[in-house]
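K.L.:
The structure that follows is given in the form of structure tokens.
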Amino acid sequence: MTTHDTLAVPARSQSLGRFGSRFAALAFWLLLAVLYGVLRPETFLTAGTFQTIFGSQQALVFLTAALLCTIIVGEFVDMSVASNFGFAAVLVAVLTVNEHWNVWLAAVAAVAVSTLVGLVNGWLTVLLGVNTIVVTLGMGTFLLGLGLWITDLTPVSGLPYDFAQIALHPIGSLPVGFYEGVALMLVFAYVMRFTPLGRNMRFVGANREVSRLAGIRVNRLRLGAFTVAGLIAGVGGVVAAAATGGFDATVSQSYLLPIFAATFLGTAILEPGKFNPLGTLLAVYFLATGILGLQLLGAAGWVSSVFYGGVLVIAVTISTLLHRRVF
Amino acid sequence: MVRPDRLPRGVPQALGSELSTPPRLRTGAVSVTFGRNRVLRDVGFEVGAGEIHALIGQNGSGKSTLVKVLTGLYVPEPGATVEVDGVPLRLPVRPLEARASGVAVVHQSLGLVGEATVLENMRVGRLRAGRLSRRIHWEHERAQAARMFDRLEHHVPLDTPVHRLSEEDRATVAIARAMQDTPPGGGLIIFDESTRALSRRSLEHFYEMLDGVVRAGTSALLISHRLEEVADVADRVTVLRDGELVEAGLPVTRRGEGELARLMLGRNLAGLSSGGGHARPQDTPAVELTGVAGSRLDGAGVRIAPGEIVGVTGLADSGYQDLPYVLAGVERARGGTLVVAGNPVDLAQFSPMAAIDAGIALVPGDRERAGLAMDQSVAENAALPRTGGRGSRLAPIRRRAELAGLAPWLDRLELSPRDPHAVVSRLSGGNQQKVVLAKWLARAPKVLALHEPTQAVDIGARETIVAAVKDAAAAGCAVLVASGDENELSMLCDRILVFRDGRVSGELTGSPGPDEIVAAVFSSTDRRPLRGHNEERGLVP
Chain A
-9 MTTHDTLAVP
1 ARSQSLGRFG
11 SRFAALAFWL
21 LLAVLYGVLR
31 PETFLTAGTF
41 QTIFGSQQAL
51 VFLTAALLCT
61 IIVGEFVDMS
71 VASNFGFAAV
81 LVAVLTVNEH
91 WNVWLAAVAA
101 VAVSTLVGLV
111 NGWLTVLLGV
121 NTIVVTLGMG
131 TFLLGLGLWI
141 TDLTPVSGLP
151 YDFAQIALHP
161 IGSLPVGFYE
171 GVALMLVFAY
181 VMRFTPLGRN
191 MRFVGANREV
201 SRLAGIRVNR
211 LRLGAFTVAG
221 LIAGVGGVVA
231 AAATGGFDAT
241 VSQSYLLPIF
251 AATFLGTAIL
261 EPGKFNPLGT
271 LLAVYFLATG
281 ILGLQLLGAA
291 GWVSSVFYGG
301 VLVIAVTIST
311 LLHRRVF
Chain B
9 MVRPDRLPRG
19 VPQALGSELS
29 TPPRLRTGAV
39 SVTFGRNRVL
49 RDVGFEVGAG
59 EIHALIGQNG
69 SGKSTLVKVL
79 TGLYVPEPGA
89 TVEVDGVPLR
99 LPVRPLEARA
109 SGVAVVHQSL
119 GLVGEATVLE
129 NMRVGRLRAG
139 RLSRRIHWEH
149 ERAQAARMFD
159 RLEHHVPLDT
169 PVHRLSEEDR
179 ATVAIARAMQ
189 DTPPGGGLII
199 FDESTRALSR
209 RSLEHFYEML
219 DGVVRAGTSA
229 LLISHRLEEV
239 ADVADRVTVL
249 RDGELVEAGL
259 PVTRRGEGEL
269 ARLMLGRNLA
279 GLSSGGGHAR
289 PQDTPAVELT
299 GVAGSRLDGA
309 GVRIAPGEIV
319 GVTGLADSGY
329 QDLPYVLAGV
339 ERARGGTLVV
349 AGNPVDLAQF
359 SPMAAIDAGI
369 ALVPGDRERA
379 GLAMDQSVAE
389 NAALPRTGGR
399 GSRLAPIRRR
409 AELAGLAPWL
419 DRLELSPRDP
429 HAVVSRLSGG
439 NQQKVVLAKW
449 LARAPKVLAL
459 HEPTQAVDIG
469 ARETIVAAVK
479 DAAAAGCAVL
489 VASGDENELS
499 MLCDRILVFR
509 DGRVSGELTG
519 SPGPDEIVAA
529 VFSSTDRRPL
539 RGHNEERGLV
549 P
């Protein structure tokens, strides 16, 4: 006999609670914006602030999308996405500036390498059964080292102007990179919400054996998730290199914590208790608002560590509690 | 619900039509070797159309291995064949291909994902998408799912998450899901220990539905630990022992579970169903709980004399299963008193450590989560009560003494392999349960609190475990057994308390039998067979 008998929760209070937790984070975001607006109206309530918040987070959007791929199919957690992203960015810069390759060819090569890295991650974890965290942590550090080696420990810059247009070309008052990130997340959300592929991914994340017996090709799906994660990280890296005209290999490490903070915070938005693309996208801008406001209030460089670290702890806690309550 | 006159009969068709049509499932020469260990040798058997065919065998008999070959997890050696309706499947079996030929698998514990809805659980792996949009057509999926529930004549709300369904509805969903892959009146459903978490009432519902499915011509291959279930529902049985076929397709007609057990073990079981008999009621009670209130308990009480084995049972929501945990300090009670060997104990401050100090040992029901550290060795697990308790934490562990203390228990419980260094996760379920028991018996507890001590354990291991518990009782230990399994209770107990609404509602004394227990729990007439049996189904003599 089961000891976990389901408790009959009244449907109405359930849906009210659900509604509440869906939008609580959004309300908090609005509150934060109002607060900053009241405290620093002259700097916060400007178009520049708006542009900074929405125009500077492309890297994080791509990185969280990459992390979501593997997290949704139940792989906790891919630690290599940030380094993979950084390596792609560095590779474009080095191949173009130092090795004088055609920049577009370099971009394609960088994306291919990142995809291959994802495939190797997947091969090791899925087919050989090695622990995900350890493999990806090792792979991440390995790539970081490689990146430092090929750049001789110095930032590389000097990518051509028209290449920068793939990230910076303005549409409205925002760079095209913003729309690329939003489009990526929308497609991802569509796949998760409406297609058999998305549904199968969620089931593989929930129970592999059940999924296998239902006829889902579980290993292929997991391998695919790692590979696509590599692909997205690579594209993100190339776009980031284009936006800055070059790249510094050490920068990618500063993304590691914000990726996790945003992804876990995303489980508290729109679909409580579930990793979801749109919630994650909103979480990225939520975090950017928080940081920028604090900086405008005069906080120094340490604030981003405190903020992202604090949010990660709080977000994971909320995510765990929500999961317990919803399910 | 079924119209017997218009439907094909089960077994006669299965046996009589051998020449004209091929059997629903035929395996031939299936062998599997792990390393140097041959776990399955030349196994071939057939499942006929429209029958419930049971596959039984002890832990380690190769039964699970055979199932894993059929579901595609293991690769058999060259030469093996698996045929469905006479058409050979490619090996290793690919789930999608097997499904296309009409074979469905119901996974252990029904194989449903709790947080997903009924509809999602029904259709996952089968979802179709629009050509351009790749969107799922939910109306189509919904109609497909609804059609299955129509065929079963049982309806379950499609948009409810599965974890919010009743146990019976979950069983319905599992059967309906499997039926999608079987053509009407054909196909085969493999139930891989699917029913082990079901209560008696849900089992009846489950087999009532399955009976309808099978009468329509679909076959079922049932893998189950519960011999009483097999004896009740199966038409024919295939028996494996030590990786070899003992019987293939033996008709079950009127064979009791005793005879099935004999086939499975290759020997007779001694005293399969006798109660305790060691009670010394004249002594002061070894343990006495009164007025216990907790999350599901409301004024429950029990009094156990030294040497007495007392069972507690009831419906799933009656709270009986909380009692061993309250007694062991794991679940905090809101009120009530506990007296251990004449000494009152403060229940509000009670903890596992205090319980162990008072000589109370708990064998929890969830072996994998609460009973054992699965990747540690037998010896390390068994020594945990000593290394985890009070005492000099930093003194080195004396491994030799640890092993010496354990050795007699390994022999007593017939642990196989008899290797104290074996990693627990590699042992079969029955042997894992023996380790949990050895861990506590080695400490000679005064009170033993057991929760379903022989669940998912084969009949041989069950016998050993029951004997060990009775020996402990004979040595003066007071035993509390909480269980929903009437056979387990009747094998162990001197008397049984039946719970309702969190308190004791009745008592059965004098080593009650399984029928008596079930009748008291459901307070209905008596235990009806799981499936209308024998003459009605027209079995071959």
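Protein chains in written order, with our numbering: chain A, -9 to 317; chain B, 9 to 549.
The beta carbon of each residue, even a glycine, is placed where N, CA and C say it ideally should be.
State the DSSP-derived secondary structure class of B/Asn351, mapped to helix, strand or coil.
P.N.:
B/Asn351 falls in the strand class under three-state DSSP.
K.L.:
Could you have a look at B/Val40 and say whether DSSP puts it in helix, strand or coil?
P.N.:
DSSP places B/Val40 in strand when its eight states are reduced to three.
K.L.:
Check each candidate in B/Val353, B/Leu81, B/Asp479 and name the one with the smallest Cα separation from A/Arg207.
P.N.:
Nearest option by C-alpha distance: B/Leu81.
K.L.:
Would you kindly report the start and end of the unbroken alpha helix (DSSP H) that includes A/Leu248?
P.N.:
The residue you asked about is not Leu; residue 248 of chain A is Pro in the sequence shown. Run containing A/Pro248: 246 to 256, per the alpha helix (DSSP H) assignment.
K.L.:
Shortest alpha-carbon distance to B/Ile312 belongs to which of B/Tyr328, B/Ala387, B/Ile183, B/Asp502?
P.N.:
The shortest Cα separation from B/Ile312 among B/Tyr328, B/Ala387, B/Ile183, B/Asp502 belongs to B/Asp502.
K.L.:
Given 8 Å as the limit, is there contact between the segment 418 to 426 of chain B and the segment 360 to 372 of chain B, that is, 3 or more CB pairs closer than that?
P.N.:
At 8 Å Cβ cutoff, the stretches do not touch.
K.L.:
Apply the 10 Å Cβ neighbour rule to A/Trp19 and answer buried if 16 or more other Cβ atoms are within range, or exposed otherwise.
P.N.:
Classification of A/Trp19: buried, given that the 10 Å Cβ count is 16 or more.
K.L.:
From the beta carbon of B/Ser281, is the nearest beta carbon of chain A less than 8 Å away?
P.N.:
The predicted position of B/Ser281 is uncertain, since its pLDDT is 45 and thus under 50; no value can be drawn from it.
K.L.:
Is there at least one Cβ from chain A nearer than 8 Å to B/Thr517's Cβ?
P.N.:
It does not; no Cβ of chain A falls within 8 Å.
K.L.:
Taking the alpha helix (DSSP H) that B/Leu498 falls in, what are its first and last residues?
P.N.:
According to the sequence provided, residue 498 of chain B is Ser. The question's Leu does not apply to it. Start and end: 494 to 500.
K.L.:
If we ignore side chains and look at the alpha-carbon of each, how far apart do A/Gln47 and A/Leu176 end up?
P.N.:
Taking the straight line from one Cα to the other gives about 16 Å.
K.L.:
Along the chain, where does the alpha helix (DSSP H) that runs through A/Ile62 open and close?
P.N.:
It spans 48 to 62 - the alpha helix (DSSP H) in which A/Ile62 sits, taken as one unbroken run.
K.L.:
Cα separation between A/Gly38 and A/His159?
P.N.:
Each residue's Cα considered, the two are about 17 Å apart.
K.L.:
Identify the contact partners of A/Ser309 in chain B, using a Cβ-Cβ distance below 9 Å as the criterion.
P.N.:
Ordered by position in chain B, no residue passes the 9 Å Cβ test against A/Ser309, which lies about 14 Å from the chain.
K.L.:
Which residues of the segment 190 to 207 of chain A have a Cβ closer than 9 Å to any Cβ of chain B? Give them in chain order.
P.N.:
For the segment 190 to 207 of chain A, which is checked against every Cβ of chain B, the residues closer than 9 Å are Asn190, Arg192, Phe193, Ala196, Asn197, Glu199, Val200, Ser201, Arg202, Leu203, Ala204, Gly205, Ile206, Arg207.
K.L.:
For B/Pro20, I'd like the list of residues in its chain whose CB is within less than 6 Å of its CB, leaving aside the five on either flank, ordered along the chain.
P.N.:
Unreliable placement is indicated for B/Pro20, whose pLDDT of 44 sits below 50; the coordinate value is still reported in the next sentence. Excluding residues within five positions, none has a Cβ falling inside 6 Å.
K.L.:
Can you check which of these residues, A/Leu260, A/Ala97, A/Ala230, is closest to A/Phe52 by C-alpha distance?
P.N.:
Comparing Cα-Cα distances from A/Phe52 to each of A/Leu260, A/Ala97, A/Ala230, the minimum goes to A/Ala230.
K.L.:
Which chain B residues are close to A/Thr185, counting only those with a beta carbon under 7 Å from its beta carbon?
P.N.:
Residues of chain B passing the Cβ test: Ala137, Arg142, Arg143, Ile144.
K.L.:
Please list the terminal residues of the continuous alpha helix (DSSP H) segment that includes B/Val221.
P.N.:
From DSSP, the alpha helix (DSSP H) with B/Val221 extends over 208 to 223.
K.L.:
What residues in its chain sit with their C-beta under 7 Å from that of A/Ser244, if we drop five residues either side in the sequence?
P.N.:
Contacts found: none.
K.L.:
B/Thr79 versus chain A: which residues are under 8 Å apart at the beta carbon?
P.N.:
By Cβ distance, chain A contributes Leu203.
K.L.:
If we call anything under 8 Å between Cβ atoms a contact, is A/Asn266 one with A/Gly256?
P.N.:
Taking 8 Å as the Cβ cut-off, A/Asn266 and A/Gly256 qualify as a contacting pair.
K.L.:
Below 8 Å, can you find three or more Cβ-Cβ pairs linking the segment 108 to 119 of chain B to the segment 87 to 97 of chain B?
P.N.:
The segment 108 to 119 of chain B vs the segment 87 to 97 of chain B: in contact.
K.L.:
Show which residues of chain A have a CB atom less than 8 Å away from the CB atom of B/Arg107.
P.N.:
Result: Gly205.
K.L.:
In angstroms, rounded to a whole number, what distance separates the CA positions of B/Val347 and A/Ile123?
P.N.:
Going from the Cα of B/Val347 to the Cα of A/Ile123 covers about 49 Å.
K.L.:
In whole angstroms, give me the CA-to-CA distance for B/Arg49 and A/Leu136.
P.N.:
The alpha-carbon atoms of B/Arg49 and A/Leu136 are separated by roughly 52 Å.
K.L.:
Under three-state DSSP, which class holds B/Ala278?
P.N.:
Note that B/Ala278 scores a pLDDT of 47, beneath 50, so its modelled location is shaky; the value from the coordinates is reported in the next line. Coil.
K.L.:
Bridge partners for B/Ile197 per DSSP, in chain order?
P.N.:
Beta-bridge pairing links B/Ile197 to B/Ala112, B/Ala228.
K.L.:
For A/Val228 and A/Val101, I'd like the C-alpha separation in whole angstroms.
P.N.:
Those two C-alpha atoms are separated by around 7 Å.
K.L.:
Going along chain A, which residues have a C-beta under 7 Å from B/Pro103?
P.N.:
Arg202, Leu203, Gly205, listed in chain order.
K.L.:
Rounded to the nearest angstrom, what separates B/Asp167 and A/Leu29 at their Cα positions?
P.N.:
Distance between the alpha carbons of B/Asp167 and A/Leu29 is about 47 Å.
K.L.:
Pick from A/Gly108, A/Leu282, A/Phe254: whose alpha carbon is nearest that of A/Thr270?
P.N.:
Residue A/Phe254 is the option with its Cα nearest to A/Thr270.
K.L.:
Quick one: which chain A residues come within Cβ less than 8 Å of B/Val132?
P.N.:
Correct list: Arg189, Asn190, Phe193, Ser201, Ala204, Ile206.
K.L.:
Distance, Cα to Cα, A/Val301 vs A/Arg198?
P.N.:
Straight-line Cα distance between these residues: approximately 31 Å.
K.L.:
Please confirm whether B/His115 has its beta-carbon closer than 8 Å to some beta-carbon of chain A.
P.N.:
Yes, B/His115 counts as interfacial toward chain A.
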